[in-house]
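Peer 1: Taking the working numbering, the leading residue of the sequence shown gets 1, the next gets one more, and so forth.
Note that the Cβ used here is the ideal one computed from N, Cα and C, for glycine as well.
One structure follows; several queries about it will come next.
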Amino acid sequence: MLESMGSLTGSPWIYAVVALSVLLDVFLPVLPSGVLVITAATAAAAGSTTVVGAAGQVQREVPSLMILLLCAATASVLGDLVAYRLAWRGGDRLDRAIARSRRLTRAQDRLGTALSRGGGALVVVARFAPAGRSVVSLGAGAAHRKVKEFLPWSALAGLVWAGYSVGLGYFGGAWLGAGWIGAAVSVLALFAAGALAAYVMRRPTQTAEPAA
């Protein structure tokens with residue numbers, strides 16, 4: 001794993017690459033931001049590495065877990081806010097696009113209900129689901145939910161997701177070795193969490209019937 005990632009995991013550029021990927025995947029969910037975070041954390045599990053080159057041995061540092069976590073969490077929140085503000089100011093064209101999307105309309109309704117009741121766990125769950133972050137951020141903005149209702153839950157979602165991804169990569173690398181096996185098992189665990197989150201988001205909202 002470390003050899004294949006080469007100089008990237010041993011360079012400060014890894015933080016910029018991770019942050020940019022996490023920031024943009026709210027608009028491009030196909031970006032492998034979670035895989036990048038796990039790969040960098042797996043590299044960190046190996047500690048510093050010594051690479052033998054033409055000029056002799058070169059000591060290469062590996063990513064700091066704390067900086068990696070902060071970069072991923074901060075980029076996650078910033079990306080959410082950008083999508084939220086764009087949807088807030090999107091105008092009629094975006095409103096019509098959202099109205100044509102059952103997924104976005106359903107997310108708007110569920111998110112509005114959750115936030116109005118003082119609970120935004122849906123925002124946290126959606127962070128793990130494929131494209132769930134995009135749906136919730138755009139839905140909150142298009143519904144003109146207040147920033148103070150959305151931002152704290154977005155920050156919690158980003159921190160939980162980043163902590164989970166970094167933890168998977170680090171402990172997977174520590175227990176299974178900082179190679180392809182450890183990284184693959186960690187990525188599968190991330191995908192499993194995403195599948196569970198997607199299932200939760202697809203469930204219909206349970207509404208209590210008024211007492212007779």
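With DSSP collapsed to three states, give me the class of D25.
Peer 2: Reduced to three states, the DSSP call for D25 is coil.
Peer 1: If distances are taken between C-alpha atoms only, which option among A41, I181, R202 comes closest to A131?
Peer 2: A131 has its Cα closest to that of R202, out of A41, I181, R202.
Peer 1: Residues in the same chain with beta-carbon distance under 8 Å from V37, minus the five sequence neighbours each way, listed in chain order, please.
Peer 2: Closer than 8 Å at the Cβ level, and outside the excluded window around V37, lie V18, V22, L68, A72, A162, S165, V166, G169.
Peer 1: Whole angstroms is fine: what's the gap from D80's alpha carbon to E149's?
Peer 2: The straight-line gap from Cα to Cα measures roughly 13 Å.
Peer 1: For K138 versus A87, is the C-beta distance shorter than 8 Å?
Peer 2: For the record, residue 138 in the displayed sequence is Leu; it is not Lys. Yes, these two residues count as a Cβ contact at 8 Å.
Peer 1: Give every residue of the same chain whose Cβ lies closer than 6 Å to the Cβ of A75, excluding the five residues on either side of it in the sequence, and list them in chain order.
Peer 2: These residues qualify, in order along the chain: A19, V22, L23.
Peer 1: With DSSP run on the structure shown, which of helix, strand or coil describes S76?
Peer 2: In this structure, S76 counts as helix in the three-state DSSP scheme.
Peer 1: What is the DSSP secondary structure of F150, counted as helix, strand or coil?
Peer 2: Helix, per DSSP.
Peer 1: Hey, V26 and S186 are a contact pair by Cβ (cut 8 Å); roughly how many whole angstroms apart?
Peer 2: About 22 Å; that fails the 8 Å criterion.
Peer 1: Give the single residue among A43, A44, P63, V30 whose Cα lies nearest to the Cα of W13.
Peer 2: Nearest of A43, A44, P63, V30 to W13, Cα basis: P63.
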